[in-house]
Structure formats: C-alpha cells, structure tokens
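**Student:**
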Amino acid sequence: MTQKRSLLAVLLSVSMLGAACSAGPSGRPDVAVEQNSPGLPDKSTADTEPKSPELQVPVNDLAWTDCTQSTLDLYGLTSRTPGVVLECADFDAPVDPSGQMFGSFSVGALRAKLDRTPPDAAPLVFTSGSDRASIATLADLAAGNSSTMLEAHPLVAIDRRGIGRSTAIDCVKADTRETLANLGQFAASDGDAVDRAVAVGRQATIECTDLLQPQEIAFATSYAAGDLEQLRIAWGIDALGIVGTGNGASTALAYAAQYPDRVSRLILDSPTGMNVDQMTVAQQKTEGREAAFTAFLQRCQALQCSLGSDPKGAVSELLAQVASGALAPLSTHAVLDGIAYALASSSGDPSRRTLELADALSTARSGDPSALSRLSSRGAVAYGTDGQFVARCIDGQQWPSPQAVRDAGARWSEQYPIFGTDAALTALTCSSWPTAPAPPLPTSLSVPVLELSGTGDPVVGNGGFASVTGLVAATGTRSAAMTWQGAGHPVIGGSVCAQAAATAYATEASLPPDGSVCPA
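Under my numbering, the first residue of the sequence shown is numbered 37, with each subsequent residue one higher.
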C-alpha cells in the first residue's frame, strides 16, 4: 500500500475521539411580524393541500451522552436560555453508499433541546454544510434565545464529513495551511496579492488531491446528503425533517433530490444561491457582510462604543495597519474572518456582543491586538479547516480566473470597502481544483417548504435567495418565503419571529403567508 493509500485508509477509518460537541447561546430582542402572524397557515391553500407526513420519533436512537457544559466551554459560550440540554453522539456512515469506494466515516452529532422539551417530541435534522461545523452552528443557536423552537422539537446537528466532529480531513501541510489562512499576505513573492492567493490555493489543492484522489469526490454535497440518509436508517423512521442553513441548504436540497420520498419537512434558512458562478457567490456573501457590518456600526454608535464617533473610520484605519503588516502575524483575511464570525453569532446578549467586538477592534488599533487575535483564531477554527477547503472546492462551480479577480478587485474595493478586496482574493483559492459535478437539485418536492432570508447575513448574504425560491417554485410544491430585517446567521438564531414560523411549520406543516417580514 502506498503512503497516500495508507494515509487515506487512516483518514477513512479512524473515528474522532473525545472532542466535546459545543454549542453557543443566541440572545435576541423580541421581534414582531410586520405583516401576518408567521405561526398561522395560509388559509387560502391550507385546506386544499394534501396532508404532509408527520415528523417521527426515532425508533432506535443514537447513544446520546450529556455534553452541555463541555460544549459551551469549548466554544466559549454561556447559555442565555434556561434549561438548555446538549447531548453528543456519533454514528458510522459508509464512504460510498454505492459500494464503489470502501471504508466508513464517523459522523458527529449534537442534539439540542430544553429540559422541558417533551420526551416524545420528534427531532429535526440540522445542517450548516461546509460554512461551519453544524454542531458549532447549532451550539451557538441553542445558547441564545432559542426556546421557541427547542421547546417544541429537538434539533440534531450532523457535521458534514471531513468537518468538525465527523472524521476530519488533514491534507494541507502546516506551512501551507498558515499561508492559506493569510491568503499569502506574508509570503515571499515577486507577484501581487492575486498571484500569491493563486499560488497558495494551488499548493493546497495539490497537497489535498495527492492525498485524496480519486476519493476526493466522496466529500461532495451528494455524499453529505447520503450521511443524512444513514441517520434516517439508524433511526428506523420513514422520513426526515431537515433544517438546512447556508451551504447546508444545498445539502438539504441534495437529500430531497436523491431521496424524494423521505422528506417530511424542509426549512431552507439563508440558502446559498443556486446555479451561479463563484464570483457571484462571493459578491453575494460580501454584500451580506457589508450589510451586517453596517448594522454593527449603527449599534456601536447607539451604545457609544469604544470605537468613537466614527467607528467605520476607526476600523478602516485598523485594517490599513493590518494590511501594512504592522500587526503581524495578524493578516487582513484572518481579521476579517474574525469580524464576520462575531457578526454571525447569535449567542449571548446582542448589546454585549457589539461592545465586545468594538473593544477588540479599538484595543488592537491602540496597539494591543490580543483580543482581536483571539477573535481571529475563533474565526479560523470556524471557517478555515481542511475539510471546509475541500468541500468548498468540490462543490463550487465556475471558479474565477486571476484576471477576473483583478478586474473585480478594483470595483469591489470601492463598492465594498471593508470586505471587498479580501472576498475577491478568497475566490481564487479553489481556482486550481479539478472540476467536479454540480450538487444535485430536486425537480419535484412532495412537502411544503419554508424559506428564510436575512438582510444582513455575513455568511452567505441574501443575493441568491431568489434563485432558491425560484427553484422550489419550479417543483410545483407550496412554499413561503420570509425575510428577517436583521443581521446575523442563521435567521432562526436571530429572529424569534422566524422561530415561531419554523416551529408552526415543523409541528403542523403550516406555512406563514408568502412574503412575510420579521423586523430586526
């Protein structure tokens, strides 16, 4: 057996050991729906639609163990919701359900509920795909103001293969990983920033494909959907209710495409745009980050935060220092990912989160980058693992050329002054990855679908939302789109109003009026 095969065999057979699943609270202000109540079905169609299948309680459950405190500690979270219970488990899934590739993965799972959730309440499966480990995303959500949903139904997060507590991918060498995390900012090179980003992306691609080929396709979205099917089989139930957030919505749609009669509920929360090139995906994400950052600046000024009367100017000055290397080893990419991580979180008190981010930025600007370094490290752990790199590269379609990024970079630096240049460069890191098939999408759906979007989404943005609602509409099923006028990700983590709609849908398969709006 070659070294490559030996390494791959270890990768595919060794389960993750002992790591605690973690979740984080999401404190949220009370909100109200601006139109009709999200908890009520649309009476014009509710009586004529065929009845949706009931959510089912697992016949054979996983071997859950309490991991509440260890999970909260791992992610630095304090639960805002009284009685949150987090439980960890894992199960095995074949590398390839068709049997063409051998071996198995350990799939990590986290169940979030309240101590008052009915014991016979049927669970919903939760996935955030490759955006962030699903367990971490659910932990953040559960530690916040999540009682509306968790009181009615447990949420069970499944980490995508290669990410989080599922068997992890370790394919990028340490020095390459460090350079990739900085987009080559500190790399010795005669080229410009575009050349450096291309070079480190190419090197990371070579290292991962050398280790994984030809099995790298096993980390695609379609195989992640297959892991959800293994959970359904393990549970011994007929169909799954699925909540897909961000890239996880693609996993949920792939499951619906591959197993069309095994879906009982489908919630698409802040989905990534479908059938679009990666520069468009990057632009939509950047628009969301800028919108979330603008909302942060407004809260910052209202709270008289430490960034002063011109918080945007203060942050721009800090980013100029970082770009010059004055705060090395902190890089622009690491700092911006750290900021985005803070903007996305729904844990804790919103005002406290705003002040803590402002303090980290202002103290770094004054010469003490320790708090910002810790925040950037959390962003790197959340968004920058080898498994996420592989998954994003495999799933992405139509990666841009270096010249396309140069052309866009000048425009984006003006249009999106905080995140634009970095976003354009980031789109290059997968440009050397071999072309892979696009994730499967359903052409028909047998259950109604709830679609949620936020106006200030720092993880995926909301520019691709229309492509998803259009795809769902083309299947002929009934659906309802709801927009949250707030900032954060996912919507159900930040909006009690959207949680109420999601809970009513999960319990009764009832949809809010299409086009409903939840205020910030």
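Even glycine gets a Cβ: it sits at the ideal position worked out from N, Cα and C.
Give me, in chain order, the residues of the same chain whose beta-carbon lies closer than 6 Å to that of T173; leave out the 5 immediate sequence neighbours on both sides.
**Tutor:** On the sequence shown, position 137 is the one that residue 173 refers to. These residues qualify, in order along the chain: S164.
**Student:** Could you compute how far the alpha carbon of R410 sits from the alpha carbon of T471?
**Tutor:** Looking up residue 410 in the sequence shown gives position 374. Looking up residue 471 in the sequence shown gives position 435. Taking the straight line joining both Cα atoms gives about 36 Å.
**Student:** Taking the alpha-carbon of A169 as reference, which of S437, T505 and A418 has the nearest alpha-carbon?
**Tutor:** Taking the sequence shown and counting its residues from 1, one reaches residue 169 at position 133. Per the Cα distances, A418.
**Student:** Please classify D151: is it buried, with 16 or more other beta-carbons within 10 angstroms of its beta-carbon, or exposed?
**Tutor:** Residue mapping note: residue 151 aligns to position 115 of the sequence shown, counting from 1. Counting Cβ neighbours within 10 Å, D151 comes out exposed, since fewer than 16 surround it.
**Student:** Start and end of the alpha helix (DSSP H) containing T519?
**Tutor:** Counting from one through the sequence shown, the residue named residue 519 turns up at place 483. Here T519 belongs to no alpha helix (DSSP H); instead the beta strand (DSSP E) covers S515 to A523.
**Student:** Looking only at its chain, what residues have a beta carbon closer than 7 Å to the beta carbon of S258, apart from the 5 residues adjacent to it on each side?
**Tutor:** Position 222 of the sequence shown, counting from 1, holds the residue named residue 258. Here the set comprises A290, Q294, P475 and P476.
**Student:** Do L122 and T104 have their C-beta atoms closer together than 8 Å?
**Tutor:** As a first step, residue 122 must be located in the sequence shown, where it is residue number 86. As a first step, residue 104 must be located in the sequence shown, where it is residue number 68. A contact, by the Cβ cut-off of 8 Å.
**Student:** On a Cα-Cα basis, can you pick out the residue from E326, L408, T491 and Q136 that is closest to V358?
**Tutor:** Reading the sequence shown from its first residue, position 322 is the one you call residue 358. Looking at the Cα atoms, L408 is the closest of the given residues.
**Student:** Determine the closest residue to Q319 out of D156, D493 and W520, with distance taken between C-alpha atoms.
**Tutor:** Position 283 of the sequence shown holds residue 319. Nearest option by C-alpha distance: D493.
**Student:** Grouping DSSP H, G and I as helix and E and B as strand, with all else coil, what is D550?
**Tutor:** Reading the sequence shown from its first residue, position 514 is the one you call residue 550. The answer is coil: DSSP assigns D550 none of H, G, I, E or B.
**Student:** Return the chain-ordered ranges of every alpha helix (DSSP H) run that is complete within the stretch 367–406 and spans a minimum of 4 residues.
**Tutor:** Complete alpha helix (DSSP H) runs here, min 4: 368–380 and 386–401.
**Student:** Between the stretch 302–312 and the stretch 275–285, do at least 3 Cβ pairs fall closer than 8 Å?
**Tutor:** Short answer: they touch.
**Student:** Work out the CA separation of A223 and T511 for me, nearest whole Å.
**Tutor:** The residue given as residue 511 occupies position 475 in the sequence shown. The residue given as residue 223 occupies position 187 in the sequence shown. Those two C-alpha atoms are separated by around 49 Å.
**Student:** Excluding the five sequence neighbours on either side, which residues of its own chain have a C-beta within less than 7 Å of the C-beta of E70, listed in chain order?
**Tutor:** Residue numbering aside, residue 70 sits at position 34 when the sequence shown is read from its first letter. Because E70 sits at a pLDDT of 41, beneath the cut-off of 50, its placement in the model cannot be relied upon, and the point is left open.
**Student:** What residue does the beta strand (DSSP E) around E487 start on, and which one ends it?
**Tutor:** For the purposes of this step, residue 487 is taken as residue 451 along the sequence shown, with counting starting at 1. From DSSP, the beta strand (DSSP E) with E487 extends over V485 to G492.
**Student:** Nearest CA to the CA of Y377: which residue from V208, P526 and P190?
**Tutor:** As a working mapping, residue 377 is identified with position 341 in the sequence shown. For Y377, the nearest C-alpha among the options comes from P526.
**Student:** Grab the span of the alpha helix (DSSP H) containing I430 for me, first residue to last.
**Tutor:** Locating residue 430 in the sequence shown gives position 394, counting from the first residue. D422 to D431 is the span of the alpha helix (DSSP H), which, as asked, contains I430.
**Student:** How would you label V95, buried or exposed, when you count the other beta carbons within 10 angstroms and need 16 or more for buried?
**Tutor:** As a position in the sequence shown, residue 95 is number 59, starting the count at 1. Its Cβ having fewer than 16 others within 10 Å, V95 is exposed.
**Student:** In the DSSP assignment, find the alpha helix (DSSP H) that holds K348 and state where it starts and stops.
**Tutor:** Position 312 of the sequence shown, counted from the start, is the residue given in the question as residue 348. K348 -> alpha helix (DSSP H) spans P347 to S360.
**Student:** State buried or exposed for A331, treating a residue as buried only when at least 16 other CB atoms are found within 10 Å of its CB.
**Tutor:** Here residue 331 refers to the residue found at position 295 of the sequence shown. Classification for A331: buried.
**Student:** Measuring alpha carbon to alpha carbon, tell me which residue in T316, L160, E214 and V208 is nearest A193.
**Tutor:** Position 157 of the sequence shown holds residue 193. It is L160 whose Cα lies nearest to the Cα of A193.
**Student:** If you drop the 5 nearest sequence neighbours on each side, which residues of the same chain put their C-beta closer than 7 Å to that of T81?
**Tutor:** Within the sequence shown, residue 81 is the residue found at index 45, counting from 1. Confidence at T81 is low in this model, with a pLDDT of 45, below 50, so its placement is unreliable and no value can be given for it.
**Student:** Look up D128 in the DSSP assignment and say whether it is helix, strand or coil.
**Tutor:** Looking up residue 128 in the sequence shown gives position 92. Reduced to three states, the DSSP call for D128 is strand.
**Student:** Alpha carbon to alpha carbon, how far is R197 from V563? Give it in angstroms, no decimals.
**Tutor:** For residue 563 there is no data in the structure shown, the boundaries of the chain being 37 and 556.
**Student:** Hey, could you find the ends of the alpha helix (DSSP H) I269 is sitting in?
**Tutor:** Translated into the one-based positions of the sequence shown, residue 269 becomes position 233. Counting along the chain, the alpha helix (DSSP H) containing I269 begins and ends at T257 to W271.
**Student:** Would you call the CB atoms of S166 and A427 closer than 8 Å?
**Tutor:** Counting from one through the sequence shown, the residue named residue 166 turns up at place 130. Counting from one through the sequence shown, the residue named residue 427 turns up at place 391. In contact: S166 and A427 (Cβ atoms closer than 8 Å).
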